[in-house]
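Accompanying notes for the structure given below.
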Amino acid sequence: MKFVKLHGQGNDFLVTLAEALGRESHDMAARARAICDRHTGVGADGLILVRECHDAIADFEVRIFNADGSEAEVSGNGVRCVAAYLHYAQLSTRPRLAIRTAVGTMILRLLESRGRAYRFESDMGAPIMAPQEIPFTGEGCNDRVVHYPLPIGNERLWITATSMGNPHCAVFCDDLDEAFINRVGPILERHTAFPRRTNVEFIKTLNRQAIAVRFWERGVGRTLSSGTGSSSAVVAAVLNGLTDTQVTVQTLAGPLEVEWREREHVFLTGPAEVVCQGEYLVEDAP
Numbered sequence: 349m350k351f352v353k354l355h356g357q358g359n360d361f362l363v364t365l366a367e368a369l370g371r372e373s374h375d376m377a378a379r380a381r382a383i384c385d386r387h388t389g390v391g392a393d394g395l396i397l398v399r400e401c402h403d404a405i406a407d408f409e410v411r412i413f414n415a416d417g418s419e420a421e422v423s424g425n426g427v428r429c430v431a432a433y434l435h436y437a438q439l440s441t442r443p444r445l446a447i448r449t450a451v452g453t454m455i456l457r458l459l460e461s462r463g464r465a466y467r468f469e470s471d472m473g474a475p476i477m478a479p480q481e482i483p484f485t486g487e488g489c490n491d492r493v494v495h496y497p498l499p500i501g502n503e504r505l506w507i508t509a510t511s512m513g514n515p516h517c518a519v520f521c522d523d524l525d526e527a528f529i530n531r532v533g534p535i536l537e538r539h540t541a542f543p544r545r546t547n548v549e550f551i552k553t554l555n556r557q558a559i560a561v562r563f564w565e566r567g568v569g570r571t572l573s574s575g576t577g578s579s580s581a582v583v584a585a586v587l588n589g590l591t592d593t594q595v596t597v598q599t600l601a602g603p604l605e606v607e608w609r610e611r612e613h614v615f616l617t618g619p620a621e622v623v624c625q626g627e628y629l630v631e632d633a634p
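Per the working numbering, the very first residue in the sequence shown carries number 349; after that it's consecutive.
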């Protein structure tokens with residue numbers, strides 16, 4: 349299986365053409381787990397299959413698999429990496445790309461390219477805040493899930509839940525304590541109030557125009573950055589009155605720029621870079 353490895357601000361993906369597989373394996377979950385393994389595979393946060401579209405809405409469509417084999421609805425950094433891959437592989441020269449995910453079509457605009465490095469602005473769409481659409485099933489929550497006291501064992505954590513096509517849970521912290529993140533991240537990911545599990549953002553407000561965020565991604569664990577996570581973190585910060593609508597998100601791998609324009613669509617701006625290309629040697633089951 350031929351692949352190109354890219355990263356979007358440290359969030360790394362293996363991208364391959366769906367047609368290059370001959371047929372999509374009946375067990376793509378196992379394929380994703382194997383190739384994403386950082387010891388016995390190539391190593392990545394996810395595997396993305398790309399296929400050209402033949403309609404008036406999207407140029408290409410993707411299927412996104414997390415490192416644990418689960419299929420993701422969308423990935424902001426992942427789709428940006430796909431856009432970079434399409435330009436790098438000369439599969440498209442369009443400065444505007446429409447890429448269909450499981451939850452809708454994302455529009456990306458090329459801002460800059462230099463060798464293997466690209467920079468795109470992505471229209472992430474409008475955030476979803478209705479609990480039943482996130483989905484979130486916490487008791488007594490019928491409107492937005494903002495500053496909600498979520499029971500965690502004998503404790504309560506004040507969370508804000510939203511969706512960018514995939515569920516997110518934001519926790520605001522005075523300090524981004526590693527031990528706390530590693531303990532609470534997996535608990536929140538699999539909390540019963542999130543029937544489809546959730547991504548988790550731990551957020552420290554720096555000022556009205558900047559936040560620092562640490563990410564626990566559903567199906568992956570700790571990641572250096574997250575596109576939908578950065579977008580939802582800014583939405584959560586605005587909903588809690590902590591920041592303006594145009595914010596720099598400081599991740600462990602560097603900054604991403606997020607703007608919630610007129611409290612409608614969220615726009616994410618960030619880099620994507622080609623790391624390497626190769627062939628993963630695998631035998632499909634009959």
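Virtual Cβ for every residue (Gly too), placed ideally from N, Cα, C.
8 angstroms CB neighbourhood of residue i in its chain, flanking five on each side removed
| i | result |
| --- | --- |
| Glu367 | Arg399 |
| Pro634 | The predicted position of Pro634 is uncertain, since its pLDDT is 40 and thus under 50; a value taken from the coordinates is nonetheless stated next. Nothing listed; no residue qualifies. |
| Arg611 | Val586 and Thr593 |
| Asp522 | Lys552 |
| Arg609 | Thr593 and Phe615 |
| Val630 | Met349, Arg379, Ala382 and Ile383 |
| Pro543 | Pro483 and Thr485 |
| Glu481 | Ser511 |
Best match in the options for proximity to residue i [C-alpha to C-alpha]
| i | options | result |
| --- | --- | --- |
| His539 | Pro443, Pro483, His613 and Thr453 | Pro483 |
| Asp525 | Ala509, Glu549 and Arg544 | Glu549 |
| Gly626 | Gly389, Phe520, Asp375 and Ala378 | Gly389 |
| Phe528 | Gly618, Trp564, Gly513 and Ala558 | Trp564 |
| Phe468 | Ala558, Thr546 and Gly426 | Gly426 |
| Pro619 | Glu460, Asp375 and Leu365 | Glu460 |
| Arg504 | Phe615, Asn530, Ile535 and Ser580 | Ile535 |
| Arg562 | Ala432, Gly589, Leu590 and Pro603 | Pro603 |
| Arg531 | Ser574, Ile500 and Ala437 | Ile500 |
| Cys401 | Leu365, Arg556, Asn588 and Gly533 | Leu365 |
| Arg556 | Tyr433, Arg462 and Leu590 | Leu590 |
| Ala558 | Gly533, Glu607 and Ala541 | Glu607 |
Distance cut-off 7 angstroms: residue i Cβ against heavy atoms of the ligand ZN
| i | result |
| --- | --- |
| Tyr433 | With respect to the ligand ZN, the structure offers nothing, as it holds no ligand at all. |
Whether residue i touches residue j by CB criterion (8 angstroms)
| i | j | result |
| --- | --- | --- |
| Asp360 | Lys353 | yes |
| Trp506 | His516 | no |
| Leu362 | Leu395 | yes |
| Ala465 | Glu605 | no |
| Ile476 | Ser511 | yes |
| Leu456 | Ile447 | yes |
| Leu498 | Gln357 | no |
| Ala377 | Gly567 | no |
| Arg386 | Leu397 | no |
| His435 | Val623 | no |
| Phe520 | Asn414 | no |
Presumed contact (8 angstroms Cβ cut-off) between residue i and residue j, rounded CB distance
| i | j | result |
| --- | --- | --- |
| Asp471 | His613 | 6 angstroms |
| Asp403 | Arg381 | Asp403 to Arg381, Cβ: 32 angstroms. No contact. |
| Gly473 | Gly513 | 7 angstroms |
| Thr485 | Ala584 | Not really, about 19 angstroms apart at Cβ, beyond 8 angstroms. |
| Ala518 | Ala601 | That belief does not hold up - the Cβ atoms of Ala518 and Ala601 are roughly 19 angstroms apart, past 8 angstroms. |
| Gly577 | Arg428 | At roughly 13 angstroms, the Cβ-Cβ gap does not stay under 8 angstroms, so Gly577 and Arg428 are not in contact. |
Cβ of residue i within 8 angstroms of any chain B Cβ
| i | result |
| --- | --- |
| Arg399 | The structure shown contains no chain B; it holds only a single protein chain. |
Own chain partners of residue i with C-beta closer than 6 angstroms, once the 5 adjacent residues on each side are dropped
| i | result |
| --- | --- |
| Pro479 | Cys489 and Val493 |
| Leu445 | Asp407, Ala431 and Leu456 |
Same chain, Cβ closer than 7 angstroms to residue i, five either side skipped, listed in chain order
| i | result |
| --- | --- |
| Pro443 | Arg457 and Leu458 |
| Glu537 | Arg545, Thr546, Val548, Trp564 and Arg566 |
| Ala560 | Leu524, Lys552, Leu554 and Gln598 |
### Query
How do the region 395-415 and the region 590-597 stand: do at least 3 beta-carbon pairs fall below 8 angstroms, yes or no?
no
### Touching by the beta-carbon criterion (3+ pairs, under 8 angstroms), the region 486-493 and the region 443-453
no
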